[in-house]
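In terms of this note's numbering, the sequence shown has 572 at position 102, counting the first letter as 1, and numbering is strictly consecutive.
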Amino acid sequence: MWYKVTFFLAILLTSACSKESTNRNPYLLDAGFRFDMNLNLPKYNPLRNIGNPIYVDANGVGTRGMFVIKSGIDQYMAFEASCPNHAPNNCSTMKIEGQTAICDCEGYEYSLFTGQLLNRPKDGKRYYDMLYYQANFNGDVVTVSN
471 MWYKVTFFLA ILLTSACSKE STNRNPYLLD AGFRFDMNLN LPKYNPLRNI GNPIYVDANG
531 VGTRGMFVIK SGIDQYMAFE ASCPNHAPNN CSTMKIEGQT AICDCEGYEY SLFTGQLLNR
591 PKDGKRYYDM LYYQANFNGD VVTVSN
């Protein structure tokens, strides 16, 4: 009986291990940071209105800065500003056009509400969505961290 229990536990433990590797973006670093934005400051005041994105280019924030947008009542989204589909270079910092981030290198377009690549090529290659950062709202302060 003891052998049956041991055998069953061994099978259970080995089957619980995942053989899949993570689908982490190989182009962007996953560096930790924390950044607070006081919405009473003129620089961050646009974030009081839903759908107004801003670009934050503060030292130590992401690889090439970040985009932040108010996506709903007391809800914010934040994403890395470097294009996720190639290594950072002289054209990889994306630009805001309305509620879309545009990569000047390849013309990729990303939604600032979801981070999804909107014009994904249909060539069978692996393409990445924008790197998401955690955004929390408390009072008049939006805190973004990774």
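We put the beta carbon where it would ideally sit given N, CA and C, even for glycine.
message = Here's a check: name, in chain order, each residue in its chain whose Cβ is nearer than 7 Å to the Cβ of Thr533, leaving out the five neighbours to either side.
response = Translated into the one-based positions of the sequence shown, residue 533 becomes position 63. Answer for Thr533: Leu498, Leu499, Glu550, Ser552 and Pro558, listed in chain order.
message = I need the DSSP call for Leu587, collapsed to helix, strand or coil.
response = For this step, residue 587 is matched to residue 117 along the sequence shown. In the structure shown, Leu587 sits in a strand (DSSP, three-state: E or B).
ask   = Skipping 5 residues on each side, what residues in its chain have a beta carbon closer than 6 Å to that of Ile539?
value = Taking the first residue of the sequence shown as 1, we reach residue 539 at position 69. Result list for Ile539: Pro523, Met547 and Leu582, in chain order.
query = I think Val612 touches Leu511, with their Cβ atoms under 8 Å apart; what is that distance to the nearest whole Å?
reply = By 1-based counting over the sequence shown, the position of residue 612 is 142. By 1-based counting over the sequence shown, the position of residue 511 is 41. Not really, about 11 Å apart at Cβ, beyond 8 Å.
message = Out of Ala605, Ile566, Pro516 and Cys573, which one is the CA nearest neighbour of Arg590?
response = Position 120 of the sequence shown, counted from the start, is the residue given in the question as residue 590. Of the candidates Ala605, Ile566, Pro516 and Cys573, the one whose C-alpha sits nearest the C-alpha of Arg590 is Cys573.
query = Which partner residues does Val614 have in the DSSP bridge list?
reply = Sequence index remark: in the sequence shown, residue 614 carries index 144 (1-based). DSSP, once it has assigned bridges, lists Phe505 and Ala605 as partnering Val614.
Boundaries of the beta strand (DSSP E) in which Gly542 is found, first to last residue = Taking the sequence shown and counting its residues from 1, the one referred to as residue 542 is at position 72. Met536 to Gly542 is the span of the beta strand (DSSP E), which, as asked, contains Gly542.
message = Asp599 and Gly585 - do their beta-carbons sit closer together than 8 Å?
response = By one-based count along the sequence shown, residue 585 stands at place 115. By one-based count along the sequence shown, residue 599 stands at place 129. Result yes, Cβ atoms of Gly585 and Asp599 sit closer than 8 Å.
request  = Give the single residue among Gln569, Gly521 and Gly535 whose Cα lies nearest to the Cα of Gly542.
outcome  = Numbered from its first residue, the sequence shown carries residue 542 at position 72. Answer by Cα proximity: Gly521.
Phe607 versus Asn519: straight-line alpha-carbon distance, rounded = The count along the sequence shown starts at 1 and reaches residue 607 at position 137. The count along the sequence shown starts at 1 and reaches residue 519 at position 49. Taking the straight line joining both Cα atoms gives about 14 Å.
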